[in-house]
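Chemist:
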Amino acid sequence: MKKFSAMTPYLIWMALFIIIPMLLVVYYAFTVTTSEGATWSLANFARFFEPIYLRVLWRSLTLALVSTLICLLLGYPVAMIMAGNAFSRKKVLLVLFVVPMWMNFLLRTYAWLSILERNGLLNVFLTSINLPRLNILYTNTAVILGMVYNFLPFMVLPIYSVLSKIDKGVIEAAGDLGANSVQVFTRVIFPLSLPGVISGITMVFMPALTTFVIPRLLGGGQFTLIGNLIEQQFLVVADWGFGSAISMVMILFILLSMAIMSFFEGEDKEATLW
Amino acid sequence: MVQKGKMKVFLFSLIILSLFLSGCKKAKPKLYVYNWGDYIDESILEEFEKEMDIKVIYDTFATNEDMYVKIKSGGSSYDVIFPSDYMLTRMREEDMLEKIDLDQIPNHKYLDSRFMSNEYDPSNTYSLPYMWGTFGILYNTTMVDEKVDSWDILWDPKYAKQILMLDSQRDSIGAALLKLGYSLNTLDYGQLVEAGNLLKKQKPLVLAYVVDEGKDKMIAGEAALALTWSGEAGYACKVNSDLAYAIPKEGTNIWFDVMAIPKGAKNKEGALKFMDFLCSPEISLRNAKYTGYATPNSAAKAMLPEEIRNDRSSYPEEEDLVNAEVFVNLGKTLKEYDRIWTEIKAH
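Top line first, the protein sequences correspond to chains A and B. Using the numbering used here, read the first sequence as starting at 2 and increasing by one per residue. Using the numbering used here, read the second sequence as starting at 170 and increasing by one per residue.
See below:
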């Protein structure tokens, strides 16, 4: 009884703000509203599988994957440095990673606009040292840059927290048993850090897949990504059915990516799945 | 049990405190106003509060669609809203608005008859115009030295990667339709596909599809040409004197932001008073000066400084507007616009 009462507020919260909205999304996705009222239909999903929308999906997936990969390649070494003993100012580094997150996300993205624009800070700097100008604003590069910049902390922090908990004795033991530093990394540290890597990947991949502000501001709205498409359906066209159907496809993709991730995680723990 | 006792004391003092706070004054009637961001001289609100003894609660929105969703979903109780023409039509058709009694708004006589009884609200049953304008081409005179008078210039390869278009389906597709000589409210699928192809062809020349940040880019000299609304253009020209605004000869969109009362407004009487207040010449003049947008109030316009009044880009004459059309709510065809727009963007 006591357990129940403690859970109640959370359950009500879940029902009100997660379960009911989800059911509404499902309802809108599977219905088509005509003048006679709503009827059950798969038309919204059928529409999504037209080539133009698949192209939007494909572009979103590629950009999100590339950003996630870059975040991992940049983030892992940083997490290792922060977790290691060699670096004495790791607290400072940690704070430096977290502090930008106190600022509004939109504001930080706007700031990139003035850095990257034609007469922006970057080009002023480049021309002052006689280097050619870079025109990367409003390209895919700028979108990826924006995503990596905004989502990098979500990669670094989970990896750092796992790495810092690894028992130093294990690493020493590996060394004592004759493993060189590469082997220690590939056979001991990396496998042990996998849970962190996986939660990092999920935490970067999901927002990268659905963001609509970054491609609009830094990509100059030239490429519709899946997030923009959903936003358009709800705000501009008022086609809630199609918007909900795309959202459901996205949920599917996210579930799929989580399943793949947990599969890898499971395999590592000596195949707990089977 | 000690805990419970403390809680009681706390609640009790809270009740006492709230009695004190609410007991200070007799509750003034409240008026909830929902307007575009930075679209009124806010000192006018204070004046209205003093004069009418009504407390104004003022909220702002960024797009018609945001406003629509908030009103439609219920739960908010605004008394005066400021939709644009096509949004007014949509809300009117969905029975979301209260009728207004023009007899209670005597100041509406100052509004220019040119801007009354428009297609979006045929006999001003639901709304009165607040501001109006056009859309056209904002250009930087140091980068463009030819005469800008046609939509064709936005397709000129000479200005590759120096053109800003609007990330707004109706406006960008509208410009293409006008260039082709069609109506910007076309329901003809063939014409839409033609406009779509034209925009796909233009895409390599476009630097970016922007919304609000477009005027800042133009002020900073980041682009040579931009499809812009007249109000934004007026602001940009004021800040950077190299900029100029032109209404293409093939035609333009003439738009209105209007004042209306959403269905179920609690203070309808106050709403009518507020609308009347905003229609008075002196108040309209202050708003026009503050926002830089064109006022439909002819008495206020007559009091504006000559250089603004005679500036045909912000106050075009009737002959400049022969080909001007108001956006009409497209109903189902809007989906086709969306599909074509997505095709352009996914191209």
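No residue lacks a Cβ here, since even glycine has one placed at the ideal position from N, Cα and C.
Tyrosine 123 of chain B touches chain A at which residues, Cβ-Cβ below 7 Å?
Modeler: Outside the displayed span of chain B (170 to 516) sits residue 123 of chain B, for which this structure offers no information.
Chemist: Decide yes or no for the touch test of the region 342 to 350 of chain B against the region 107 to 122 of chain A: beta carbon pairs closer than 8 Å, at least 3 of them.
Modeler: no
Chemist: Please report how far the alpha carbon of asparagine 366 of chain B lies from the alpha carbon of leucine 236 of chain A, in whole angstroms.
Modeler: Reading the second sequence from its first residue, position 197 is the one you call residue 366 of chain B. Reading the first sequence from its first residue, position 235 is the one you call residue 236 of chain A. So the two alpha carbons sit approximately 25 Å from each other.
Chemist: Of all the options A:Leu12, A:Ser165, A:Ile130 and A:Met207, which has the alpha carbon lying nearest to the alpha carbon of serine 258 of chain A?
Modeler: Position 257 of the first sequence, counted from the first residue, corresponds to residue 258 of chain A. Nearest C-alpha to serine 258 of chain A: A:Met207.
Chemist: Can you pull the chain B neighbours of isoleucine 21 of chain A, defined as C-beta to C-beta under 8 Å?
Modeler: Along the first sequence, one-based indexing puts residue 21 of chain A at 20. None at all; the shortest Cβ gap to chain B is about 14 Å.
Chemist: Against chain B, which members of the region 112 to 126 of chain A pass a CB distance test of less than 9 Å?
Modeler: Listed in sequence order: Leu114, Ser115, Glu118, Arg119, Asn120 and Gly121.
Chemist: My guess is that lysine 91 of chain A and methionine 83 of chain A are in contact by the Cβ rule of under 8 Å, so how many angstroms apart are they, rounded?
Modeler: One-based indexing of the first sequence puts residue 91 of chain A at position 90. One-based indexing of the first sequence puts residue 83 of chain A at position 82. With 8 Å as the limit, lysine 91 of chain A and methionine 83 of chain A qualify as a contact, their Cβ atoms being about 5 Å apart.
Chemist: Please identify the residue among B:Met428, B:Tyr295, B:Ile306 and B:Ala364 whose C-alpha is closest to the C-alpha of alanine 393 of chain B.
Modeler: As a working note, residue 393 of chain B is residue 224 in the second sequence. For alanine 393 of chain B, the nearest C-alpha among the options comes from B:Ile306.
Chemist: Going along the chain, which residues of the region 499 to 511 of chain B sit with their C-beta nearer than 7 Å to a C-beta in chain A?
Modeler: Leu503, Lys504, Asp507 and Thr511
Chemist: With three or more C-beta pairs closer than 8 Å as the rule, is the region 411 to 418 of chain B touching the region 299 to 313 of chain B?
Modeler: With a cut-off of 8 Å, the region 411 to 418 of chain B and the region 299 to 313 of chain B count as touching, because enough Cβ pairs lie within range.
Chemist: Use the C-beta contact count for arginine 481 of chain B: other C-beta atoms within 10 angstroms, 16 or more gives buried, fewer gives exposed.
Modeler: The residue labelled residue 481 of chain B in the question sits at position 312 within the second sequence. The residue in question, arginine 481 of chain B, is exposed, as its Cβ has fewer than 16 Cβ neighbours within 10 Å.
Chemist: Here's the rule I'm using: 16 or more other beta-carbon atoms within 10 Å means buried, otherwise exposed. How should tryptophan 41 of chain A be labelled?
Modeler: The residue given as residue 41 of chain A occupies position 40 in the first sequence. The residue in question, tryptophan 41 of chain A, is exposed, as its Cβ has fewer than 16 Cβ neighbours within 10 Å.
Chemist: Could you check what DSSP says for leucine 499 of chain B in three-state terms: helix, strand or coil?
Modeler: The residue given as residue 499 of chain B occupies position 330 in the second sequence. Looking at leucine 499 of chain B - three-state DSSP - the assignment turns out to be coil, as it is neither helix nor strand.
Chemist: In this structure, how does DSSP classify aspartate 426 of chain B when only helix, strand and coil are distinguished?
Modeler: Here residue 426 of chain B corresponds to residue number 257 of the second sequence, with the count starting at 1. Three-state DSSP puts aspartate 426 of chain B in a strand.
Chemist: Looking at chain A, is there any beta carbon in it that lies within less than 8 Å of the beta carbon of glutamine 338 of chain B?
Modeler: Counted from its first residue, the second sequence places residue 338 of chain B at position 169. Look at glutamine 338 of chain B: its C-beta is under 8 Å from a C-beta on chain A.
Chemist: Compute the Euclidean distance between the alpha carbons of valine 149 of chain A and leucine 210 of chain A, then round it to the nearest angstrom.
Modeler: The sequence position of residue 149 of chain A within the first sequence is 148, counting from 1. The sequence position of residue 210 of chain A within the first sequence is 209, counting from 1. C-alpha separation (whole angstroms): 12 Å.
Chemist: Considering only their Cβ atoms, is the gap separating valine 185 of chain A from glycine 197 of chain A smaller than 8 Å?
Modeler: Within the first sequence, the letter at position 196 stands for residue 197 of chain A. Within the first sequence, the letter at position 184 stands for residue 185 of chain A. Contact: no.
Chemist: Taking just the CA atoms, how far does valine 157 of chain A sit from proline 474 of chain B?
Modeler: Indexing the second sequence from 1 puts residue 474 of chain B at position 305. Indexing the first sequence from 1 puts residue 157 of chain A at position 156. Proline 474 of chain B and valine 157 of chain A have their C-alpha atoms spaced approximately 59 Å apart.
Chemist: By Cβ distance below 6 Å, which residues in the same chain neighbour glycine 192 of chain B in space, the five residues on each side in sequence not counted?
Modeler: Along the second sequence, read from residue 1 onward, the residue named residue 192 of chain B stands at position 23. Any reading at glycine 192 of chain B must be qualified, since the residue scores a pLDDT of 49, below 50, and its modelled position is unreliable; the value itself is stated next. Within the same chain, glycine 192 of chain B has no close Cβ partners at all.
Chemist: Interface residues of chain B around tyrosine 139 of chain A at Cβ under 7 Å?
Modeler: What you label residue 139 of chain A is simply residue 138 of the first sequence in a count that begins at 1. In chain order: Leu376 and Ala377.
Chemist: Rounded C-beta distance between leucine 396 of chain B and serine 319 of chain B? I'm assuming under 8 Å.
Modeler: Walking along the second sequence from the start, residue 396 of chain B turns up at place 227. Walking along the second sequence from the start, residue 319 of chain B turns up at place 150. In fact, because the Cβ distance is near 13 Å, the residues do not count as touching under 8 Å.
Chemist: Excluding five sequence neighbours on each side, which residues of the same chain lie with their C-beta closer than 6 Å to the C-beta of valine 205 of chain A?
Modeler: For the purposes of this step, residue 205 of chain A is taken as the residue at position 204 of the first sequence. Around valine 205 of chain A: Thr69, Cys72, Phe152, Phe155 and Met156.
Chemist: Check for me: the alpha helix (DSSP H) holding aspartate 235 of chain B runs from which residue to which?
Modeler: On the second sequence, residue 235 of chain B is found 66 positions in, with the first residue counted as 1. That run of the alpha helix (DSSP H) goes 233 to 241.
Chemist: Could you check whether the Cβ of valine 497 of chain B sits closer than 8 Å to any Cβ belonging to chain A?
Modeler: Translated into positions along the second sequence, residue 497 of chain B becomes position 328. It does not: the Cβ of valine 497 of chain B has no partner Cβ on chain A nearer than 8 Å.
Chemist: Let me see if you follow: with CB-CB separation under 8 Å, is glycine 390 of chain B close to chain A or not?
Modeler: Within the second sequence, residue 390 of chain B is the residue found at index 221, counting from 1. Answer yes: the Cβ-Cβ gap between glycine 390 of chain B and chain A drops below 8 Å somewhere.
Chemist: Just to make sure I have the definition right: I need the residues of chain D whose C-beta is within less than 9 Å of the C-beta of glutamate 382 of chain B. Which are they?
Modeler: Absent from the structure: chain D. Protein chains present are A and B.
Chemist: Please compile the residues from chain B whose C-beta is within a distance smaller than 8 Å of the C-beta of leucine 25 of chain A.
Modeler: In the first sequence, counting from the first residue as 1, residue 25 of chain A sits at position 24. Result: empty, since nearest Cβ-Cβ is about 12 Å, beyond 8 Å.
Chemist: Per DSSP, what kind of secondary structure is serine 292 of chain B in: helix, strand or coil?
Modeler: To locate residue 292 of chain B, count along the second sequence from 1; it is residue 123. If DSSP states are grouped into helix, strand and coil, serine 292 of chain B belongs with coil.
Chemist: Taking the beta strand (DSSP E) that alanine 329 of chain B belongs to, which residues open and close that run?
Modeler: Here residue 329 of chain B is taken as the residue at index 160 of the second sequence, counted from 1. Counting along the chain, alanine 329 of chain B falls outside any beta strand (DSSP E), and DSSP gives it neither H nor E.
Chemist: Measuring straight from C-alpha to C-alpha, what distance separates lysine 437 of chain B and isoleucine 423 of chain B?
Modeler: In the second sequence, residue 437 of chain B corresponds to position 268, counting from 1. In the second sequence, residue 423 of chain B corresponds to position 254, counting from 1. C-alpha separation (whole angstroms): 29 Å.
Chemist: Is it buried or exposed for glycine 220 of chain A, if we count other Cβ within 10 angstroms and need 16 for buried?
Modeler: Against the first sequence, residue 220 of chain A aligns to sequence position 219. Glycine 220 of chain A comes out buried.
Chemist: Got a sec, what are the start and stop residues for the beta strand (DSSP E) alanine 377 of chain B sits in?
Modeler: On the second sequence, residue 377 of chain B is found 208 positions in, with the first residue counted as 1. It spans 375 to 379 - the beta strand (DSSP E) in which alanine 377 of chain B sits, taken as one unbroken run.
Chemist: State whether the region 248 to 261 of chain B contacts the region 199 to 211 of chain B, with contact taken as three or more CB pairs (one from each stretch) at a distance under 8 Å.
Modeler: yes
Chemist: What's the gap between the Cα of glycine 350 of chain B and the Cα of isoleucine 160 of chain A?
Modeler: Translated into positions along the second sequence, residue 350 of chain B becomes position 181. Translated into positions along the first sequence, residue 160 of chain A becomes position 159. So the two alpha carbons sit approximately 59 Å from each other.
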